[in-house]
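>
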Amino acid sequence: MSVISSLPVTRYMVASEMSQVEDWVIEKFKHEDQYHLDLPFSFSYGEQPSHQLLKNWDLQRYTEQLDEHRTENKLIYTDSVTGLVFSYLMVEYHHFPIVEWTLSFRNTGSENTPIIANIQALDTKFTRKSGGEYILNHHTGSPCTPTDYQPHQTLLEPKVSKEISTSGGRSSNSDLPYFNLQWPEGGVIIAIGWPGQWSIKFDRDEGSELRVQAGQELTHFSLHPGEEVRSPLIAMQFWDTDRLRAHNTWRYWMLTQNLPRPYSQPVAPQTAACSSHQYEEMIKADEENQKMFIDGYLREELQLDYWWMDAGWYPNESGWTNTGTWEVDTTRFPNQLRAITDYGRSKGVKSIVWFEVERVTPGTWLHDNHPEWLLGDTEWKLLNLGDSDARDWLIEHVDNLINEQGIDLYRVDFNIDPLAFWRGNDSENRQGITEIKYVMGFLGYWDELRRRHPDMLIDTCASGGRRNDLETLRRAVPLLRSDSILEPTAQQNHTYGIASWIPFYGTGINAFDAYTFRSQMCVHSTACYDMRNPEQDFDELRQRYAEWCFVSPYSLGDYYPLTPYNSTNDVWMAWQFDRQELGEGVIQVFRRPDSVYESARFSLRGLIAEAAYTLNNFDQLDEVEMTGRELMESGLLVSITEQPGSAIISYKLES
2 MSVISSLPVT RYMVASEMSQ VEDWVIEKFK HEDQYHLDLP FSFSYGEQPS
52 HQLLKNWDLQ RYTEQLDEHR TENKLIYTDS VTGLVFSYLM VEYHHFPIVE
102 WTLSFRNTGS ENTPIIANIQ ALDTKFTRKS GGEYILNHHT GSPCTPTDYQ
152 PHQTLLEPKV SKEISTSGGR SSNSDLPYFN LQWPEGGVII AIGWPGQWSI
202 KFDRDEGSEL RVQAGQELTH FSLHPGEEVR SPLIAMQFWD TDRLRAHNTW
252 RYWMLTQNLP RPYSQPVAPQ TAACSSHQYE EMIKADEENQ KMFIDGYLRE
302 ELQLDYWWMD AGWYPNESGW TNTGTWEVDT TRFPNQLRAI TDYGRSKGVK
352 SIVWFEVERV TPGTWLHDNH PEWLLGDTEW KLLNLGDSDA RDWLIEHVDN
402 LINEQGIDLY RVDFNIDPLA FWRGNDSENR QGITEIKYVM GFLGYWDELR
452 RRHPDMLIDT CASGGRRNDL ETLRRAVPLL RSDSILEPTA QQNHTYGIAS
502 WIPFYGTGIN AFDAYTFRSQ MCVHSTACYD MRNPEQDFDE LRQRYAEWCF
552 VSPYSLGDYY PLTPYNSTND VWMAWQFDRQ ELGEGVIQVF RRPDSVYESA
602 RFSLRGLIAE AAYTLNNFDQ LDEVEMTGRE LMESGLLVSI TEQPGSAIIS
652 YKLES
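So that you can map any letter, position 494 of the sequence shown is 495 in the working numbering, and since no number is skipped, the others follow by simple counting.
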């Protein structure tokens, strides 16, 4: 099957949406008269509002075409009195109705600046043209519950205000930083790229207008001479009429313009396996049992792209949470991890190795040797990535480990909320600075690792899926979308919600039965089977793996929920993944354990009305032929007698 990125990017271009973006960019950036620029952000400087100050500052404009898909526009304002240089950098996408921008502040003067405060990287208003109301579509983040990624709708009636923020400083700890604001004739998607503490506010007036403000939650600081900081990234997508089509435009933009591309290729479906459940993460692991498990998967002919070595391969007298000494425990691994990674590669299996470098505990090397690099007065401390000495050491040390141990995929965990550490380090006139420098250092750390290892994927994990903002996902993929794993209803809920925003994600699999395994299917699947037990039904498991191999490439296509979201066990849940360019797709259907209904009908999306399609139910032998119109209007009737039960149905456009 062809890869997604081979499709023409013009596929998702809609003239009316592209026109909206062009008009918006002219109004917000390209207007020749700087006095009439309606800038989509705000801040105060010396207690004066930016929209008044910037009209009187020196302005320079720059435009550069970055590649065939993007043009970068930059406005640079200079305050001749204090030496503050403010930059507004906007990127237009030529083939998507999407625009993005960041703000930066640099002190070129010889004195501290006046206070810069309340930086709203987004501050703009929308006006609907017809009747009806604004509806905000938003999602829960990943707080490790069965309802992670749950979709929500909030009606924004006149004079209603709705504020959403993440919690604890991890960007998807409580809520996802992705929003779809709709009104009767269309809407706009808004994303915040900030692996820190963001907030967004929607304020409705009494008429037809709605104001949106978003950015870092707390900013109130003076900049020292030579100091430079940045704002969160804001991305906006304009859309008309069809909200689900807008989400699929977003998914395609994420796949083709954002997600990392190891070996200059788009990320593809992949499988991994680990022995974490058998050996207490890696606490009781050694070279022999790791090789044994690799051999077990290959012996049973189960696809294995990566072998995953989890937490605890370092010295850990007090358990795997004892982090801060980043050296291989040679008592258990006398030949280092390299003996295992080389062994796997010799059999076509690459390696994933777990790290959690930001959290530091007592008695470890970092804790005892570099307390000046650590934030906090608690037992667990935070390595300050905003400290250039700490960051430089970390880059060199982890780079050496990657090279010496033969690590193919760098897995990053983050099991601590950083916000209190950041704010506890700030003085009254430097509020927000520690967070900004930490975020800049964190992104710079990953960027340097990727520069040194351009073919290496990074896996972003923060107690599951708690750091999945846009800036992070431009550098990494979430191989474990939530720490709430394995239970089938929860896994259905997670896929239903996350797929609207993030096209590449993973979770664990441990099931042999069709219902549970199909509930756990993801683009990335990590197997957790006990390969010490030869009595398991590996024939059944090979059949399940064959289903995954068939279904997973479709999961990168267009996504359509076919049922409402519901977390209870007395309903059916279903969705469709469609590869329109191939004329093919799959429908995944689940009858939950308490549902009394043996059949349900589902109206498909994205098909050609007059065309004929051949459908195959994986659990039945016969083929069915229906027209696109029948499938979209009358719907597809699916019967499942098992309780619980499931169905996977493929369809293909007849030539």
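For every residue, glycine included, the Cβ atom is placed at its ideal position computed from N, Cα and C.
#1: Give me, in chain order, the residues of the same chain whose beta-carbon lies closer than 7 Å to that of Tyr13; leave out the 5 immediate sequence neighbours on both sides.
#2: What does the alpha-carbon distance come out to for the pair Val22 and Asn74?
#3: With Cys275 as the anchor, note down where its alpha helix (DSSP H) starts and where it stops.
#4: Assign Ala500 to buried or exposed, taking buried as 16 or more other Cβ atoms, counted over all protein chains shown, within 10 Å of its Cβ.
#5: Give the secondary structure of Val268 by DSSP, where H, G and I count as helix, E and B as strand, and everything else as coil.
#6: Go ahead and label Met293 buried or exposed: buried means 16 or more other beta carbons lie within 10 angstroms of its beta carbon, across all protein chains shown.
#7: Alpha carbon to alpha carbon, what distance is there between His221 and His454?
#8: Straight-line CA distance for Lys31 to Leu182?
#9: Near Gly377, what residues of its chain come up, given a Cβ to Cβ distance below 8 Å and the 5 sequence neighbours on each side ignored?
#10: At least one CB of chain B closer than 9 Å to the CB of Trp549: is that the case?
#11: For Thr362 and Asp343, I'd like the C-alpha separation in whole angstroms.
#12: Please specify which runs of the alpha helix (DSSP H), each continuous and at least 4 residues long, are wholly inside the segment 489-544, giving them in chain order.
#13: Could you tell me the distance, in whole angstroms, from the CA atom of Arg592 to the CA atom of Ile353?
#14: Please determine if the segment 575-582 and the segment 590-608 are in contact, where contact requires at least 3 C-beta pairs separated by less than 8 Å.
#15: Near Arg244, what residues of its chain come up, given a Cβ to Cβ distance below 8 Å and the 5 sequence neighbours on each side ignored?
#16: Just the C-alpha distance for Arg476 and Ser172, rounded to the nearest angstrom, thanks.
#17: Indicate whether Val639 and Val572 have their beta-carbon atoms separated by less than 9 Å.
#18: If Gly325 sits next to Met283, beta carbons under 8 Å apart, how far is it from one beta carbon to the other, in whole angstroms?
#19: What residue from Gly142, Leu211, Ile165, Glu134 has the CA that sits closest to Pro185's CA?
#20: Determine the burial state of Asn317: buried for a count of at least 16 other Cβ atoms within 10 Å of its Cβ, exposed for fewer.
#21: Who are the near neighbours of Tyr516 in its chain, counting only those whose CB is closer than 8 Å to its CB and skipping five residues on each side?
#22: Can you list the beta strand (DSSP E) stretches of 3 or more residues lying completely in the segment 563-595, in chain order?
#23: Mark Arg107 as exposed unless 16 or more other C-beta atoms lie within 10 angstroms of its C-beta, in which case mark it buried.
#24: I need the boundaries of the alpha helix (DSSP H) containing Ile201, first residue and last residue.
#25: Does the structure place the segment 510-530 close enough to the segment 275-291 that three or more beta carbon pairs sit under 8 Å?
#26: Straight-line CA distance for Ser596 to Asp470?
#27: Taking contact to mean 3 or more Cβ pairs, one atom from each stretch, closer than 8 Å, check whether the segment 153-165 and the segment 392-408 are in contact.
#28: Check whether the Cβ atoms of Tyr94 and His70 sit closer than 9 Å, and answer yes or no.
#29: Hey, how far is the Cα of Leu386 from the Cα of Thr365?
In terms of the structure at hand:
#1: Phe97, Thr250, Tyr253
#2: 14 Å
#3: From DSSP, Cys275 is part of no alpha helix (DSSP H) but of the beta strand (DSSP E) over 271-275.
#4: buried
#5: coil
#6: exposed
#7: 37 Å
#8: 25 Å
#9: Leu383, Ala421, Phe422, Gly425
#10: This model lacks chain B altogether, as it is built from one protein chain only.
#11: 31 Å
#12: 489-499, 515-521
#13: 35 Å
#14: yes
#15: Asn138, Asn181, Gln183, Gly188
#16: 15 Å
#17: no
#18: About 16 Å; that fails the 8 Å criterion.
#19: Glu134
#20: buried
#21: Pro489, Phe591, Glu643, Pro645, Gly646, Ser647
#22: 573-580, 585-592
#23: buried
#24: Note, Ile201: premise wrong, no alpha helix (DSSP H); beta strand (DSSP E) at 199-205.
#25: yes
#26: 36 Å
#27: no
#28: yes
#29: 18 Å
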